[in-house]
Amino acid sequence: MATYTAPVDDIAFLLTRVFDFDATMAGLPGFEEVNAELAVSVLEEAGKFAAGVLEPLNRSGDEEGCTLENGLVTTPKGVAEAYRAFAEAGWCSLSGDPEYGGQGLPRVLQILLDEMLSSANLSFGLFPGLTRGAVEAIGHHASAELKATYLPKMISGEWTGAMALTEASAGTDLGLLNTRAVPNGDGSYAITGTKIFISSGDQDFGGNVIHLVLARLPDAPKGVKGISLFLAPKFLVHKDGSLGARNGVNVGALEHKMGIHAQPTCVMNYDGATGWLVGEPGRGLNAMFTMMNAERLFVGIQGLGIAEAANQKAVAYARERLQGHGADGTPGPVAIINHPDVRKMLLTGRAFADGARALAVWTALQMDIADRHPDATVRREADALVALLTPVVKAAFTDFGFETAVASQQVLGGHGYIREWGMEQYVRDARIAQIYEGTNGVQALDLVGRKLGLEGGKLPQRFFALIKADLDAALPAAGAALVTPVAEALARLEGATARLAANGGAIEAGAAATDYLRLFALVALGWMWVRMAAAATGEAATPVLQRKAVLARFFVERMLPQTLGLDAALAHGAPSLMALHADAF
Numbered sequence: 030m031a032t033y034t035a036p037v038d039d040i041a042f043l044l045t046r047v048f049d050f051d052a053t054m055a056g057l058p059g060f061e062e063v064n065a066e067l068a069v070s071v072l073e074e075a076g077k078f079a080a081g082v083l084e085p086l087n088r089s090g091d092e093e094g095c096t097l098e099n100g101l102v103t104t105p106k107g108v109a110e111a112y113r114a115f116a117e118a119g120w121c122s123l124s125g126d127p128e129y130g131g132q133g134l135p136r137v138l139q140i141l142l143d144e145m146l147s148s149a150n151l152s153f154g155l156f157p158g159l160t161r162g163a164v165e166a167i168g169h170h171a172s173a174e175l176k177a178t179y180l181p182k183m184i185s186g187e188w189t190g191a192m193a194l195t196e197a198s199a200g201t202d203l204g205l206l207n208t209r210a211v212p213n214g215d216g217s218y219a220i221t222g223t224k225i226f227i228s229s230g231d232q233d234f235g236g237n238v239i240h241l242v243l244a245r246l247p248d249a250p251k252g253v254k255g256i257s258l259f260l261a262p263k264f265l266v267h268k269d270g271s272l273g274a275r276n277g278v279n280v281g282a283l284e285h286k287m288g289i290h291a292q293p294t295c296v297m298n299y300d301g302a303t304g305w306l307v308g309e310p311g312r313g314l315n316a317m318f319t320m321m322n323a324e325r326l327f328v329g330i331q332g333l334g335i336a337e338a339a340n341q342k343a344v345a346y347a348r349e350r351l352q353g354h355g356a357d358g359t360p361g362p363v364a365i366i367n368h369p370d371v372r373k374m375l376l377t378g379r380a381f382a383d384g385a386r387a388l389a390v391w392t393a394l395q396m397d398i399a400d401r402h403p404d405a406t407v408r409r410e411a412d413a414l415v416a417l418l419t420p421v422v423k424a425a426f427t428d429f430g431f432e433t434a435v436a437s438q439q440v441l442g443g444h445g446y447i448r449e450w451g452m453e454q455y456v457r458d459a460r461i462a463q464i465y466e467g468t469n470g471v472q473a474l475d476l477v478g479r480k481l482g483l484e485g486g487k488l489p490q491r492f493f494a495l496i497k498a499d500l501d502a503a504l505p506a507a508g509a510a511l512v513t514p515v516a517e518a519l520a521r522l523e524g525a526t527a528r529l530a531a532n533g534g535a536i537e538a539g540a541a542a543t544d545y546l547r548l549f550a551l552v553a554l555g556w557m558w559v560r561m562a563a564a565a566t567g568e569a570a571t572p573v574l575q576r577k578a579v580l581a582r583f584f585v586e587r588m589l590p591q592t593l594g595l596d597a598a599l600a601h602g603a604p605s606l607m608a609l610h611a612d613a614f
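Note that our numbering has the sequence shown beginning at 30, numbered continuously upward.
Structure representation (structure tokens):
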């Protein structure tokens, strides 16, 4: 199989021609010295690490898996060394707060680094990704003392992090959780309970593992309002920052999973573990969602990363595999990339990956604006747009990413089903991204049930107006053949949004949710393709620019028409979904 190549040329195109990265950074305090040249040079080095160090461990890590013996987790051969090299090179601290030793670089760079890690070794990427999410929750909600004690070593990568939410009886409905936290009388709490599905619950890299645990105080009410968040380290920490005694945080078992075998997904037992409150009592979900929202975007990028890697491998195979006569009558055997159906699968994956990367960069820019723009109104508006896009990025990117992995496997035929070619691992690894951090059905319900109603329902309208303005601006360069179909798809999305607002009700929202999210995502990707097509015109065509022009046309002609069927299905509403009695299934 071909080796992974980081899409640095595509990233440079986005930063320099599509989004004017330099001008955006210049307007954000603290980022004035950051420009596209710096960003691309950093990401070139990230790509080398991903391809040279992490990808070679991907298959071996999958085959070896993690082990648990005498309560100790061992990761596959080479993973611990790779993680330490990753941390020592400064990659863990890329976007970390400089106050605690981070480099303070923009979210754009972080998200693109996350894509490369996901392409090269998804299991590995979860270690720094989950740690960063824990850092965000601690940074936003913990006391100054907890921040000073834990953030520097988590940001440096010396210590890792994990989030402990799910229990056997409490998955999506966290209001059912039973883990308890009892005050010790000295400001700490004794945490007792069992959590399942805890990614990065333990490791053998050295240092500490910092768990953020949802639990109930003794007098807490039932339901989500009774949940608080606690920080419970694997090892207690002395005042000088050195590690002390082992805490009551133990791995009860490793989950046996379909994929991400090199990632220790743990059953965690908290046996009177000493922990400290993060945020206010009873406000644990508020604090935890700081981490979860960051992780949901991260998981969406995992879908993009898998799609990029799988598509690259499928293209390389299709160029070399000789089968059949050419569709134009060329005597065979010919490379299968010449067969129209193979091309359709490859182009669909490429059109998704390039469009999704553009939308990811746009979303990350909004995150940077929300963090640093000097105008509070601009910060609030950008933050709301990120909130609107979060369920779309998480669900659509992972749905399309899994579909791309399956289609790439199909390109390889029987070889795609055989382990030694590596493609079946992408399919298995990609599948979890549609499930964890809130299933994609839950993301769709979040979009239609919560996000569309933000700002009194004006937020989606503001987003749609932004797309319209960009379509109008791109028309002279991109042309009506591209712009008009996207504008028509946007009109379908606006109509579906208005119907949802008018019909209301949980049943109608639930019936519409997943189709509506896919419709929303296709329109957003079409918007990105119009912007890329406009940016690819006007100069001597390089290979990157030529590819953008062709892919934009392919997306509009072969993928965007899905919006017609989705709109038709949405127009029928819930009746046929709810007509069959449960006993009749």
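Where a beta carbon is used, it is the ideal one built from N, C-alpha and C, also for glycine.
Would you kindly report the start and end of the unbroken alpha helix (DSSP H) that includes THR419? In the sequence shown, the residue the question calls residue 419 occupies position 390. Looking at the DSSP string, the run of the alpha helix (DSSP H) that includes THR419 is 405-440.
Can you give the Cα-Cα distance for LEU488 and LEU417, rounded to whole angstroms? For this step, residue 488 is matched to residue 459 along the sequence shown. For this step, residue 417 is matched to residue 388 along the sequence shown. Using only the alpha carbons, I get a separation of about 8 Å.
From THR513 to ALA502, what does the alpha carbon distance come to, in whole angstroms? Position 484 of the sequence shown holds residue 513. Position 473 of the sequence shown holds residue 502. Whole-angstrom Cα-Cα distance: 13 Å.
Is the region 30-48 close to the region 340-351, with three or more CB pairs under 8 Å? Touching, yes.
By the DSSP assignment, the alpha helix (DSSP H) with PHE584 in it spans what residues? Here residue 584 refers to the residue found at position 555 when the sequence shown is read from its first residue. Careful: PHE584 lies outside any alpha helix (DSSP H) and carries neither H nor E.
Just to confirm my understanding: we take THR160, look at its own chain, exclude 5 residues before and 5 after, and list those with CB closer than 6 Å. What are they? Here residue 160 corresponds to residue number 131 of the sequence shown, with the count starting at 1. Counting only Cβ-Cβ distances below 6 Å, and skipping sequence neighbours, we find MET183, THR189, GLY190.
Using the C-alpha atoms, what's the distance from CYS95 back to LEU500? As a working note, residue 500 is residue 471 in the sequence shown. As a working note, residue 95 is residue 66 in the sequence shown. Between the alpha carbons of LEU500 and CYS95 lies a distance of about 49 Å.
Would you call the region 207-219 and the region 231-249 touching, i.e. three or more CB-CB distances under 8 Å? Contact annotation: the region 207-219 touches the region 231-249, with at least three C-beta pairs closer than 8 Å.
Secondary structure of CYS121, DSSP reduced to three states: Within the sequence shown, the letter at position 92 stands for residue 121. The answer is helix: DSSP assigns CYS121 an H, G or I state.
Using only the alpha-carbon positions, how far apart do LEU414 and ILE365 sit? Numbered from its first residue, the sequence shown carries residue 414 at position 385. Numbered from its first residue, the sequence shown carries residue 365 at position 336. So the alpha carbons of these two residues sit roughly 42 Å apart.
Contact check, ARG560 vs VAL47 under 8 Å by CB: the rounded distance? One-based indexing of the sequence shown puts residue 560 at position 531. One-based indexing of the sequence shown puts residue 47 at position 18. The Cβ separation is near 6 Å, so the contact holds.
Could you give the C-beta distance for GLU696 and THR319, rounded to a whole number, given that I count them as a contact under 8 Å? Look at the range of the chain in this structure, 30 to 614, and you will see that residue 696 is not part of it.
Assuming LEU260 contacts THR208 (C-beta within less than 8 Å), just tell me the rounded distance between them. Numbered from its first residue, the sequence shown carries residue 260 at position 231. Numbered from its first residue, the sequence shown carries residue 208 at position 179. Their Cβ separation, rounded to whole angstroms, is 14 Å, which puts LEU260 and THR208 out of contact at 8 Å.
Is MET297 helix, strand or coil when you go by DSSP? Stepping through the sequence shown from its first residue, residue 297 is reached at position 268. Three-state result, MET297: strand.
DSSP state of ARG275, grouped into three classes? Residue 275 sits at position 246 when you count from the first residue of the sequence shown. Secondary structure at ARG275: strand, using DSSP grouped into helix, strand and coil.
Grouping DSSP H, G and I as helix and E and B as strand, with all else coil, what is GLU98? Translated into positions along the sequence shown, residue 98 becomes position 69. Assignment of GLU98 by DSSP, reduced to helix, strand and coil, places it in the strand class.
Near GLY277, what residues of its chain come up, given a Cβ to Cβ distance below 6 Å and the 5 sequence neighbours on each side ignored? As a position in the sequence shown, residue 277 is number 248, starting the count at 1. Answer for GLY277: ASP300, GLY301, ALA302, listed in chain order.
Taking DSSP as the reference, what is the three-state secondary structure of PRO262? Along the sequence shown, one-based indexing puts residue 262 at 233. Correct three-state label for PRO262: strand.
Quick check: what's the CA-CA separation for ALA68 versus VAL137? Locating residue 68 in the sequence shown gives position 39, where the first residue counts as 1. Locating residue 137 in the sequence shown gives position 108, where the first residue counts as 1. The C-alpha of ALA68 lies about 9 Å from the C-alpha of VAL137.
Between the C-alpha atoms of ASP475 and VAL421, what's the straight-line distance to the nearest angstrom? As a working mapping, residue 475 is identified with position 446 in the sequence shown. As a working mapping, residue 421 is identified with position 392 in the sequence shown. Distance between the alpha carbons of ASP475 and VAL421: 10 Å.
Of all the alpha helix (DSSP H) runs that stay within the bounds of the region 485-529, which reach a length of 4 or more residues? Those alpha helix (DSSP H) runs which fall completely within the region 485-529 and span 4+ residues are 487-507.
Which residue wins for smallest C-alpha separation from GLU187, given the options SER257, ILE227, GLY270? In the sequence shown, the residue the question calls residue 187 occupies position 158. Nearest of SER257, ILE227, GLY270 to GLU187, Cα basis: GLY270.
Run through DSSP, which three-state label would LEU609 get? The count along the sequence shown starts at 1 and reaches residue 609 at position 580. When secondary structure is reduced to three states using DSSP, LEU609 falls in the coil class, being assigned neither helix nor strand.
List the DSSP bridge partners of HIS240. For this step, residue 240 is matched to residue 211 along the sequence shown. Looking at the DSSP output, HIS240 shares a beta bridge with ALA191, ALA261.
Report the partner residues of PRO212 according to the DSSP bridge assignment. One-based indexing of the sequence shown puts residue 212 at position 183. In the DSSP secondary-structure assignment, PRO212 is bridged to TYR218.
With 16 other CB atoms within 10 Å as the buried threshold, where does TYR465 fall? Reading the sequence shown from its first residue, position 436 is the one you call residue 465. Buried, because 16 or more other Cβ atoms sit within 10 Å of the Cβ of TYR465.
For MET607, the nearest candidate out of ALA538, PRO590, ALA578, ARG576 (CA to CA): Taking the sequence shown and counting its residues from 1, the one referred to as residue 607 is at position 578. Ranking the options by Cα distance to MET607, first place goes to ALA538.
How long is the line joining the alpha carbons of LEU101 and ALA563, rounded to whole angstroms? In the sequence shown, counting from the first residue as 1, residue 101 sits at position 72. In the sequence shown, counting from the first residue as 1, residue 563 sits at position 534. Straight-line Cα distance between these residues: approximately 55 Å.
Any idea if SER89 is buried or exposed, counting beta-carbon neighbours within 10 angstroms, 16 or more meaning buried? Reading the sequence shown from its first residue, position 60 is the one you call residue 89. Using a 10 angstroms sphere on the CB of SER89, the tally of other CB atoms stays under 16, which defines it as exposed.
Which full runs of the alpha helix (DSSP H) of 4+ residues lie inside the region 128-159, going along the chain? The qualifying runs are 136-149.
Of the residues LEU44, GLN292, ALA382, GLY555, the one placed nearest ALA393, counting alpha carbons only: Within the sequence shown, the letter at position 364 stands for residue 393. In terms of Cα proximity to ALA393, the closest of LEU44, GLN292, ALA382, GLY555 is LEU44.
Do you know whose CA, among ASP91, ALA291, ILE140, lies nearest GLU449's CA? The residue labelled residue 449 in the question sits at position 420 within the sequence shown. Scanning ASP91, ALA291, ILE140 for the CA closest to the CA of GLU449 turns up ASP91.
Tell me, please, whether the region 422-431 touches the region 101-114 by the rule of three or more beta-carbon pairs shorter than 8 Å. Between the region 422-431 and the region 101-114, the count of Cβ pairs shorter than 8 Å is below three; the stretches do not touch.
With a cut-off of 8 Å, do at least 3 Cβ pairs link the region 118-135 to the region 58-67? Verdict: yes, contact present.
Beta carbon of ALA525 nearer than 9 Å to that of ALA535: Within the sequence shown, the letter at position 496 stands for residue 525. Within the sequence shown, the letter at position 506 stands for residue 535. Judged by beta-carbon spacing, ALA535 lies beyond the 9 Å limit of ALA525, meaning their Cβ atoms are not closer than that value.
What does the alpha-carbon distance come out to for the pair GLU498 and ALA516? On the sequence shown, residue 498 is found 469 positions in, with the first residue counted as 1. On the sequence shown, residue 516 is found 487 positions in, with the first residue counted as 1. As written in the sequence, residue 498 is Ala, which differs from the Glu given in the question. Their Cα atoms are separated by approximately 11 Å.
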